[in-house]
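As C-alpha cells, the structure follows; a few thoughts come after it.
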Amino acid sequence: MDTVLRDIHVIDGSGGPSYRADVALADGRIAEIHRESDGGRRPGAARVVAADGLALSPGFIDMHAHSDLALLRDPGHEAKVAQGVTLEVLGQDGLSYAPVDDRTLAEVRAQITGWNGGAPGDTSLDFNWRTVGAYLDRLDHGFDGQGIAVNAAYLVPQGTVRMLALGWDDREATADELARMKQLVAEGLEQGAVGLSSGLTYTPGMYASDAELTELCRVVARYDGYYCPHHRSYGAGALQAYEEMVALTREAGCALHLAHATMNFGVNKGRAPELLSLLDGALDAGADITLDTYPYTPGCTTLVAMLPSWASEGGPEAVLARLKDDATAERIRHVMEVEGADGCHGVPIEWDTIEISGVSDPGLAGCVGKTLARSAAERGEEPWVTAHRLLIDDRLGSTILQHVGHEDNVRQIMRHRVHTGGSDGILQGCKPHPRAYGTFPQYLGTYVRELGVLSLEECVAHLTSRAAARLRLPDRGLVREGYRADLVLFDPDTVAAGSTFDAPRTLPTGIPHVLIDGRFVIEDGRRTDVLAGRAVRRTAGRG
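Each residue of the sequence shown is one higher than the last, beginning at 15 in this note's numbering.
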C-alpha cells in the first residue's frame, strides 16, 4: 500500500450513512476499505495519515467550469484545487477552442476573452491544436509533459461548431452545412468529448433552430453523450425555454443536462416549483435529465452578451462597427432598455443590477466593482452612455455580475433529485464572481452546516456520484474499492468559502487535503507541486 487514511469518517458519495474506516490507497486507486466494525488486522502502508476528525469524500466534480485556458496557463489552479475539485467539465455554453480552424480560433478568442483571457495577440499560450482530440492531448501534456492541476472532461461547443461550418449568419443552415456540423460533433465525440454544449443566448449558437439542435443531439445520442444547453432564456421565457430543451432532447433520444439551472429576474420570483414540476413530469415519463447550479443568486457573463442578437451577427468586429454607428447604437439602446433584448433574456435591462467585474484593458479598472448605474451617476450621464463607451473602449472584453437571482429559487432547485454542482466560475477579471473560488465549500458550509438545506451525505452525493454518473465514469464519484483515488478530506465543522463579493479570490477553509490519482495536490492546506490531472475522455459506447 502507498498510503492509509487512518480512522476516517467516510462519506462515500452514495448518499447513504457515513461510517468509520481505514482507507488504503495503492497505484492511484482505493485498494482497501477496512471498516471500524470489521475488526481484525488494519491495513498498513508506507505512509499513514491520521484523520483527526476529518471526513473523507470522493473528489468534487465541477459540472460547469470555464477553465479551458486556465488549466494550461496556471499550474497551481488553486481556485479549484483548494475547493476539493478533482474534475472539471470544460467547453461550456457552446463556446470554446476546439474544433476550430485559424479563422474561427481568432474569432472565438476575441468573443470569450472576458471568460478566459487569451485575446488575439496574447502570446502567453501556444494555441497549437485545432481538433477536440488535439486539445485533449494538450491537456494531457499540460506543463512540461507533467499534466494539469485537475482532471478535465470536454463538451463539443455547438456555437463554435456553427461558427466553423457557416460563420456568424443568422439563418437556417443548408443541408450541406448541417451535415458538416453533425460530422464535427461526431468527430469530437469520437476523439473523447463527453457531449455537446450550447449557449442559446450567445451568438452564433443562438441562431440554431430547434430542428438543427435536434439533429445534432441525435448524433450525441448515438455516442451515449449528453446535451448541456445554456438555454434561450433564464428570464421572461425561462419556463418555455426549459420545455423546449426537454422536448427536443426527448425527440432526439438524447440525455439532457441543464446548465446553471435557475429562474432569474423579477418575473420568475417564486417560480422554482413550476420548473421542478416540469422536470419531474419528464423524469417520470422516462426522460434522462440532470442539472447543475451554483449556490449564489447573482449570475456572471460578459457585458456584450446583454446586446440583442442581431447586433452581434457577423462577429466581434461587426459588433464594434455597429456600436460606433450612432443610429444603430441608439436602436440597440432602445431594444435593451425598452423592449428587452434576447441577450438579456427578454427583460428590459436594469442598470443597477449590472456590476462590472472585470475588464481586459487595465486602464479601465476604475469601473470594476461598481454598477453601471453608479458609474453613470458619478459621470453625470445616462447608464447606456457609460455602457456604450465601455463596450467600445474595452473591445467587448468586460465581464459583469448580474444581480437578478432569488434565494428561495436557488434553495428549492438544489434539493432536487437530479441536481449536481457547477461553479460556472469565470477566473478572469479584477473582481470575479466568488463562485469561482467558493462554490463547493459554500455548499458544505452554508447550505449544509448553517442552513440545513441538504444533509451532508446528500450534498456530497450531489457533488460527486451524481455528476460521475452523468459523465458515465465507471470508477469515479464514490469511495469504493477499485475506484480512482480522487479524494477530499475536509472538516465538516469548519469548511467554508473564504471568497466573498468584496474579496473573491480568497481560498476556502477546512479542506486540508486533496488527492488526485492517490497523490496529494493539497497537503496540510497547502498546494503541492503535483500535477496529477489528465483529460478524461468519453467512455466508449455506441457510435
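Don't be surprised by glycine CBs; every beta carbon is placed ideally from N, CA and C.
If I follow the unbroken alpha helix (DSSP H) through residue 344, where does it start and stop? Here the alpha helix (DSSP H) through residue 344 covers 340-348.
For residue 229, does the count of other Cβ atoms within 10 angstroms reach 16, so buried, or fall short, so exposed? buried
What are the partner residues of residue 493, as DSSP defines its beta bridges? DSSP lists no partner for residue 493.
Distance, Cα to Cα, residue 394 vs residue 400? 10 angstroms
Could you give the DSSP three-state label for residue 71: helix, strand or coil? strand
Residues in the same chain with beta-carbon distance under 7 angstroms from residue 202, minus the five sequence neighbours each way, listed in chain order, please. Sequence-distant partners of residue 202 (beyond 5 residues in either direction) whose C-beta falls short of 7 angstroms from its own C-beta, in its chain, are 113, 146 and 170.
Check whether the Cβ atoms of residue 97 and residue 330 lie closer than 7 angstroms to each other. no
Closest Cα partner of residue 49 within the set 511, 92, 495 and 172: 495
In whole angstroms, what separates the C-alpha of residue 336 from that of residue 475? About 48 angstroms.
Taking C-alpha atoms, which residue in 521, 440 and 302 lies nearest to residue 510? 521
Helix, strand or coil for residue 231 per DSSP? helix
From residue 298 to residue 453, what does the alpha carbon distance come to, in whole angstroms? Rounded to the nearest angstrom, the two C-alpha atoms are 30 angstroms apart.
Nonlocal neighbours in the same chain, by C-beta distance under 7 angstroms from residue 429, ignoring five residues either side: Counting only Cβ-Cβ distances below 7 angstroms, and skipping sequence neighbours, we find 467 and 468.
Proximity test, Cβ basis, 7 angstroms: residue 477 and chain C: Absent from the structure is chain C; it holds one protein chain and no more.
DSSP beta-bridge partners for residue 14? For the chain, the structure presents residues 15 to 557; residue 14 sits outside this window and is missing.
Between the segment 57-66 and the segment 478-496, do at least 3 Cβ pairs fall closer than 8 angstroms? no
By Cβ distance below 7 angstroms, which residues in the same chain neighbour residue 85 in space, the five residues on each side in sequence not counted? 91, 153, 162, 163 and 166
Rounded distance between the beta-carbons of residue 376 and residue 387, thought under 8 angstroms: Incorrect: roughly 23 angstroms between the Cβ atoms, too far for contact.
Strand pairing of residue 167, partner residues [DSSP]: 103
Can you tell me the Cα-Cα spacing of residue 270 and residue 197, whole angstroms? Cα-Cα distance, rounded: 21 angstroms.
Would residue 440 and residue 129 qualify as a contact pair, given that the criterion is a beta-carbon distance under 7 angstroms? yes
Give, in chain order, every unbroken run of the alpha helix (DSSP H) that is at least 4 residues long and sits entirely within the segment 106-151. 116-125 and 127-130
Same chain only: Cβ atoms within 6 angstroms of residue 313, ignoring 5 sequence neighbours per side: 416
Quick check: is any heavy atom of the ligand MG less than 6 angstroms from the C-beta of residue 413? For the ligand MG, the structure offers nothing, since it holds no ligand at all.
Going by Cα to Cα distance, which pick from 414, 250, 463 and 362 is closest to residue 318? 414
So, at 6 angstroms on beta carbons, what are the nonlocal neighbours of residue 2 in its own chain, with the 5 sequence-adjacent residues on each side left out? The requested residue 2 does not occur in the structure, where the chain is confined to residues 15 to 557.
Assuming residue 502 contacts residue 528 under a Cβ cut-off of 8 angstroms, what Cβ separation, rounded to an integer in Å, is found between them? 5 angstroms
Mapping DSSP to helix, strand and coil, what is residue 222? DSSP places residue 222 in coil when its eight states are reduced to three.
Could you tell me which residues DSSP puts in a beta bridge with residue 444? DSSP output for residue 444 lists no bridge partner at all.
Measuring alpha carbon to alpha carbon, tell me which of 464, 402 and 83 ends up nearest residue 137. 83
Beta-bridge partners of residue 549, as assigned by DSSP: 166.
DSSP state of residue 476, grouped into three classes? helix
Excluding sequence positions up to five away, which residues of its chain have a Cβ less than 6 angstroms from the Cβ of residue 316? 128 and 413
Is the distance from the Cβ of residue 207 to the Cβ of residue 195 below 7 angstroms? no
Grab me the residues of residue 231's own chain with a C-beta within less than 6 angstroms of its C-beta, minus the 5 sequence neighbours each way, in chain order. Within the same chain, Cβ atoms closer than 6 angstroms to the Cβ of residue 231 are found at 241, 263, 266 and 268, the five residues on either side in sequence being excluded.
Which whole runs of the beta strand (DSSP E) in the segment 34-72 are 3 residues long or more, in chain order? 43-49, 61-64 and 69-72
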